[in-house]
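Note sheet for the following structure.
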Amino acid sequence: MRFMHEVLRGLSFCFVYLDDILCYSENAEEHRSHLRTIFQRLSSYGLKLNISKCVFGVTELIFLGHLITPDGIKPLPDKVQAVLDYKQPETVGSLRKFLGLLNFYRRFLPKAAEQQYLLSEFLKGSKGKKDSKPLNWSSETITAFQRCKQALADAALLAHPSPSAPLALHVDASDYAIGGALHQVVDSELQPLAFFSRKLISSEKSYSAYDRELLTIYSAIRHFRYMLETRDFTVFTDHKLMLLGKKVTSVLHGRSVSWISSLSSPQILY
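With this note's numbering as the guide, the letters of the sequence shown map in order to residues 1298 to 1567.
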């Protein structure tokens, strides 16, 4: 992979993963020019393409388990159908396999950690995918299972990032999970770029409402740092105390002060 990055270094119109190359262009003429440049680079290193494995000049294609379209990225329909058709697991191992299929597309799922919380509780002490421990389903866990399936069926199309678009990070915390949704603003409309969520660990569940919301902002920014670095962005929170920012640091313990210090760049709105 490092070698291929060296071969195609400096070409902003292509993405390399192992020996797969994705070339993206605005129009057919530009695409031909981009391909010509890539072919010249490959030839200069003595590399050849397997033409039977190549796809040229299309408006959408499958790449790394995703459907890439002019409007954005979405899960593959057959992968979504596999999740929808998955029978209610009878063992911990089978449930772990289901969650693995589901979470391959986790960045498409708002509040995934909250939706999967009851199911993930089944996995405590699990021995892995071969764990044959039977599951004791309740009406609540059955409902959670069905909602997780539907969440993938309803997954949003994730937009292609626009370097010049303003960014908006919406965050939310519950009693047992935190999450964030990163959007770009184009023509006054929010376009989703990705979603983040995770369970709270035991110690975090005892945090105050303020600290929990601050943890959510801090965690979401860290998670999306590869898209937020060097960019101005606005954080939207439903916790009004976040607006006080550094005004309250004198009465906070070290953990909160450290978090606030690292959040000096974004604008925070309630």
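Using N, Cα and C, we set each Cβ at its ideal position, and we do this for glycine too.
Asked                                                                                                                                   : Found
Is the beta carbon of A1452 less than 7 Å from the beta carbon of F1405?                                                                : yes
Under 7 Å between the Cβ atoms of R1333 and L1305?                                                                                      : no
Could you say which of D1508, Y1523, L1525, R1528 lies nearest to T1534 if we only look at CA atoms?                                    : D1508
Alpha carbon to alpha carbon, how far is L1581 from T1438?                                                                              : The structure shown does not extend to residue 1581, since the chain spans only 1298 to 1567, so no value can be given for it.
DSSP state of F1312, grouped into three classes?                                                                                        : strand
Across which residues does DSSP place E1418 in a beta bridge pair?                                                                      : For E1418, which the question treats as bridged, DSSP gives no partner whatsoever.
Determine the burial state of E1510: buried for a count of at least 16 other Cβ atoms within 10 Å of its Cβ, exposed for fewer.         : buried
In three-state terms, what does DSSP make of F1521?                                                                                     : coil
With 16 other CB atoms within 10 Å as the buried threshold, where does H1638 fall?                                                      : As displayed, the chain neither begins before 1298 nor continues past 1567, which places residue 1638 out of reach and without an answer.
According to the neighbour-count rule (16 or more other Cβ atoms, all chains shown, within 10 Å of its Cβ), is F1492 buried or exposed? : buried
In terms of DSSP beta bridges, what is P1489 paired with?                                                                               : H1480
Cα separation between S1461 and L1455?                                                                                                  : 17 Å
Can you give me the C-alpha to C-alpha distance between I1381 and G1343, rounded to a whole angstrom?                                   : Per the sequence presented here, residue 1381 reads as Leu, with Ile not at that position. Rounded to the nearest angstrom, the two C-alpha atoms are 46 Å apart.
Report yes if the C-beta distance between L1571 and L1487 is below 7 Å; otherwise report no.                                            : Outside the displayed span of the chain (1298 to 1567) sits residue 1571, for which this structure offers no information.
Under three-state DSSP, which class holds L1346?                                                                                        : coil
Which residues bound the alpha helix (DSSP H) around A1379?                                                                             : 1374 to 1381
Flag this pair as yes or no: are the beta carbons of A1409 and S1499 separated by less than 7 Å?                                        : no
For the candidate residues C1311, K1421, L1315, D1317, whose alpha-carbon lies nearest to that of H1328?                                : C1311
K1430 by DSSP, collapsed to three states: which one?                                                                                    : coil
According to the Cβ coordinates, are T1513 and V1468 closer than 7 Å?                                                                   : yes
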